[in-house]
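All you need for the numbering used here is the position in the sequence shown, starting with 1, plus 661. Beta carbons are placed, not taken as given, at the ideal position from N, Cα and C, and that holds for glycine. In this text, all values refer to a predicted model and were calculated from it rather than measured experimentally. Okay, structure first, notes after.
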Amino acid sequence: MTKDNLWKEAGVSRATMNRARLVLAKWDARVAECGGLTPGEARKNDEGTKLREQLADKTRECTESYGKLDVAATAIAALHHDNVLPRQELGRGGEVVPLDARHDVRE
């Protein structure tokens, strides 16, 4: 149970809970005995910490993947450029020979 839902569990309004200073003082004392967090809050805090760590790990993985993707895209662009130049040079000159004509010459 947390302080946020204490008033619901007690079946009173939130304003009534806030006016019950003795109850709130006992609540604060009990929470202080537990190290400042109720067991539920501690569990949620631990879960939050784990989720933040997982998020940080996934963010690092994404950053590394984007770096690898950028390197791969650069390499592909360079290879494409290297392939375009020879093809353009081959296209400038040379003789087009029909396949049937070349086949007849060999026989």
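- Under the three-state reduction of DSSP output, Glu756 falls in the coil class, being neither helix nor strand.
- Contact between Thr663 and Gly701 holds, with the beta-carbon distance rounding to 6 Å and staying under 8 Å.
- CA-CA distance, Val758 to Val745, rounds to 22 Å.
- Counting only residues of its own chain and dropping the five nearest sequence neighbours on each side, Gly696 has a CB closer than 8 Å to the CB of Ala703.
- Judged by their CB atoms, Leu712 and Trp688 are not nearer to each other than the 8 Å cut-off.
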